[in-house]
Amino acid sequence: MALAVVFLLVVIVVLVPGMTETSPCCGHAKDNLMCRDVCEQILSTKSESHLKHLLQRAPEYCPESMVEVWGCMNSSLPGVSKKSDGWVGLGCCELSIVVDCRRACKQASSKNEILKICRREYENALFNCINRNEMGSVCCSYAGRHTNCREYCQAIFRTDSSPGPSQIKAVENYCASVSPQLIHCVHNYTQSYPMRNPIDSLHCCERAEDYTCQSTCKRILMSMKTELEIVDGLIDGCKTLPLPQDPLWQCFLESSRTFHPGITVHPPPSTGLDGAKLHCCSKANSSTCRNLCTKLYSTSWGNTQSWQEFDHFCEYNPVEASMMTCLADVREPCQLGCKNLSYCTNFNNRPTELFRSCTTQSDQGAMNDMKLWEKGSIKMPFMNIPVLDIKKCQPETWKAIACSLQIKPCLSKSRGSIICKSDCIEILKKCGDQNKFPEGHTAENICELLSPTDDLENCIPLDTYLNSSPLDTIVEDVTHPCNPNPCPANQLCEVNRKGCQPVESCLPYFCIQGCKLGEASDFLVRQGTLIQVPSSTGEVGCYKICTCGQSGLLENCVEMHCVDIQKTCFVGGQKKSHGTSFNIGCNVCSCVAGNLICSVHQCLNDQSSEDERRMFTGLPCNCADQFVPVCGHNGRTYPSACIARCVGLLDNQFEFGLCISKEPCSPNPCSKTQRCVPKQQVCLTSYEKFGCSQHECMPRQLNCEQIHEPVCDTENVEHINMCTLYQRGKILAYKGSCQLFCKTVEPVCGHNGETYSNVCAAYSDRIAVDYYGQCQAVGVLSGYSFNTECASVKCPPLVAKGCKPVISPGSCCPLCAGLLKILFDKDKLDTFAKVTNKKPITILDILEKIRLHISVPQCDVFGYLSIENEIVILIIPVDKHPKALQIEACNKEAERVDSLINSDSPTLASHVPLSALVTSQVQISLKLSSSIKIVSLPHCFFFCLIITLSETLSNI
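The sequence shown maps to residues -22 to -1, 1 to 934 in mature numbering (1 follows the signal peptide of the UniProt record, and there is no 0).
Below, the structure is given as structure tokens:
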């Protein structure tokens, strides 16, 4: 009934005196005489006051379920403009749960046509979206030819979350002089929205300067419901008045629907309807599909014909698999874990498998699909496939198919969701009504269209889901705090890796304010981050960088130079197109706009002579296997001067010794009013353009803010944050809470070749430990190398027996982890640095962004720049006794990130600087065996213990 009331509020505002004659609309209410009578009076009255009275009473006689009556009246009343760009409900079709309904929606020209196929009780999201769009069509028609006003008005109705105060303010600013009727119409809609949930404002608590106030704020928002209770509780708990200039109260006031002072009105939206999906359009193989995709996701939803053409030419076209998989990534990203399904129960208890849509809605959708198929026909865009009685013919297999198509299992590499060809043929031969197949069609050629492969990396074998999961109680070894998503629609979920402070209520996740990449986008990015979206020009290869602002909109956009993706690379006389990756010898290469980016591994081949093999070291430039470290100007320690020169450093760009041993504050480079603080970093951008300072100058503050970001000094004393530590004249040992077992331990060698005072210090740099003691060797880089330096290193035992280990490049010792070796585009990183903050981009910047993409709290991210100029990322289980399932989960996370990089998926590539990652190779450590046994604690390497720091060292 709520939507009908909102519709009435809208109509009351937009109507003018003088109504149409009796309309056939009322004939839709022939079985409800009272409704028909009210309908006829509404459409025939000449009195505006009488009309308002009738509209207020109408829901008592014409319930919202009588959609034909309401829809017809809506289109018959004056003031409603006729849409020139097609039916307003088209953009909602992707919200449909049932496959047949989604297809019917895209091909429909009105809501009535959808109602013939789609059942309202299963498709709430679809019909709510359609109703919202219809209301928006009414309101925004009053903008006339005023483009800015119309765009801001449409933005209000194209989001499924509560319209933000800046959106409302923008409508007021751009439309007040255009149409008071539009303003009233929009206000009636926004005021009908339900009140915000108090936990939607949890992020505001972080703005409190006092830590006690932060904790109090969170407790109040999670326990109190009314605005009065919350305000009184905050005033009492934080000992502060609600002043607009206070950061905490300012955040609350900006979130309020009734008070939004000083909100900046931003330029009209320029990211199109969905910037993330627009990114996918460049992956189309044909110009037809590229143009259709761009039309559908740019500035309008296209029209019925556009959707039908896209469906026919692109959606089921094998050559467009790259674009369609990209669109699926945006709409429904692959996520680990599936549970709590009541119909598709064989999909439950699968914490290390990837699914696109493990939700109760999809579970319900699978059941509804089965009911439709039981009628004897499966509707496809190119034909209807007649089937026998599936209640009797292989019902469990049909259920597995319906559930697979709805829950959408996706593999790490392909991420596609099609049934394997052999399964398709088998089920159609057994249960297809072959006598009724369209002329010339057989089970084989139908499946050739539907499921063209049996490659297990690209299709779903049904036998996997014909039985329940073999896992039972051990599934809790791996958890998924953000799946299903517990946050409101305008916030994104992030895993809480900070842990909980004493006397603090705590959730395993954070709900972070975000920005949508367009008016109708469901894809959210983190507030405060830099985002790359397609340019306003609409040209393929053109992008701009924007900031996700406090308003929930992308702001301060800067156009980048366009990338000519038509340029090709020539390798051995063969043409390689932009974005393709390939091997040249033992090196991986990628073509980026005509430029070749390759790894620089030393190679041996079958033709190599005995002398070449005997002299081969595997190190860059075949340098000698010796460890005489030098520190490069990029902050990276190299094992020798030979290797430093090989990666392009001149003799005046490095000096002997470990980088970590240098004293960047001696002599003091800062002014007298500042304090010099060492800040070791490894830079990926050009040193000549952006430098790579190993220190920062901090103001000598009299009072430090009470932000809880603990650090530990060299005397093993903990301080609330870095400012407090330096104010007290202490020296930083590592970031994070002090740990007793890091008080007196000996040094450790990190994977980056640096010697750290203890494991905690290495961890605070996001460096995993190779072995115990001073660094003394450069490790394995090539399977052909005959490394001798590592022979003197005593490696710790593996944390799990049965684990097939990996050896990180340049390291000596094996470990159980998922490992990524990534090539990056240095020129693109330089461009990012130039157009943003003019600061160098570091390896830590990459690791922090990748870390946000890891959804399993039992895994964490470490990494470094290898001596072969690749970014190496390790995804390692953090429990001190890692279970087999946890190691497997970390492997899956590594495979998933690898796939997102190699496919240039906007879910990862939209984030600056991750879009500079060109190609990736993955290695995983788990040998598929159920017999993995954990090493007892006394035999476990120290790293096993230190990994438990993950809950306290999360501020890096």
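A virtual CB, placed ideally from N, CA and C, is assigned to each residue, including glycine.
Rounded to the nearest whole angstrom, the C-alpha separation of Asn346 and Tyr130 is 38 Å.
With a contact defined as Cβ atoms closer than 8 Å, Leu251 and Glu497 qualify at about 6 Å.
Between Met113 and Thr330, the alpha-carbon positions lie close to 43 Å from each other. Judged by beta-carbon spacing, Val308 lies beyond the 8 Å limit of Ala344, meaning their Cβ atoms are not closer than that value. With fewer than 16 other Cβ atoms inside 10 Å of its own Cβ, Ile562 counts as exposed. For Lys870, the three-state secondary structure derived from DSSP is helix. Ranked by how close their Cα comes to the Cα of Ile902, the residues Val890, Asn869, Asp876, Ala887 have Asn869 in first place.
In the three-state reduction of the DSSP assignment, Lys804 falls in the helix class. By the Cβ neighbour-count rule, Thr125 is exposed, with fewer than 16 other Cβ atoms within 10 Å of its own. Apart from sequence neighbours up to five positions away, the residues of its chain that approach Cys690 with a beta-carbon distance below 6 Å are Glu696, Ala711, Tyr712, Cys716, ordered along the chain. Closest option to Lys317, judged by alpha-carbon separation, among Thr303, Asn730, Thr337, Ser300: Thr337. At a Cβ-Cβ threshold of 8 Å, Cys790 and Asp743 do not count as neighbours. Annotation: the region 412 to 472 contains the following complete segments of the alpha helix (DSSP H) (minimum length 4 residues), in chain order: 421 to 428.
With respect to the C-alpha of Gly610, the residue from Asn106, Cys670, Ser529 having the closest C-alpha is Cys670. Note that the C-beta distance between Met348 and Pro416 is not below 8 Å.
DSSP places Thr651 in the coil class of the three-state scheme, outside both helix and strand. Val503: member of the beta strand (DSSP E) spanning 502 to 504, first to last residue. With 16 or more other Cβ atoms inside 10 Å of its own Cβ, Lys827 counts as buried. For the region 290 to 378, the full-length beta strand (DSSP E) segments reaching 3 residues or more read 355 to 357, 362 to 364 along the chain.
Cys637 is a Cβ neighbour of Arg614, given a cutoff of 8 Å. Between Cys564 and His579 a beta carbon distance of about 5 Å is seen, short of the 8 Å cut, so the two are scored as contacting.
Taking 8 Å as the cut-off, the beta carbon of Leu798 is found closer than this to the beta carbon of Val900.
Under the three-pair Cβ rule at 8 Å, the region 840 to 849 does not count as touching the region 449 to 467.
Distance from the CA of Tyr741 to the CA of Asn847, rounded to the nearest whole angstrom, comes to 22 Å.
The Cβ-Cβ distance between Pro466 and Asn474 does not fall below 8 Å.
For Phe632, the number of other beta carbons within 10 angstroms of its own is at least 16, and it is reported as buried. In terms of Cα proximity to Ser382, the closest of Tyr321, Leu427, Cys258 is Tyr321. As far as DSSP is concerned, Asn166 takes part in no beta bridge.
Only buried fits Gln510, as 16 or more other CB atoms lie within 10 angstroms of its CB. When DSSP states are grouped into helix, strand and coil, Phe548 belongs to the strand group.
In the three-state reduction of the DSSP assignment, Val896 falls in the strand class, which pools E and B. Just so you know, the alpha carbons of Phe105 and Thr558 end up roughly 42 Å apart. The beta-carbon distance between Cys535 and Ile523, rounded to whole angstroms, is 7 Å. This is short enough to meet the 8 Å contact definition. Between the region 652 to 665 and the region 815 to 833, the count of Cβ pairs shorter than 8 Å is three or higher; the stretches touch. A check of alpha carbon separations from Leu886 across Glu533, Val503, Ser265, Asn646 identifies Val503 as the nearest. Check the Cα spacing between Phe488 and each of Asp500, Leu495, Gln469, Phe501: the tightest is with Gln469.
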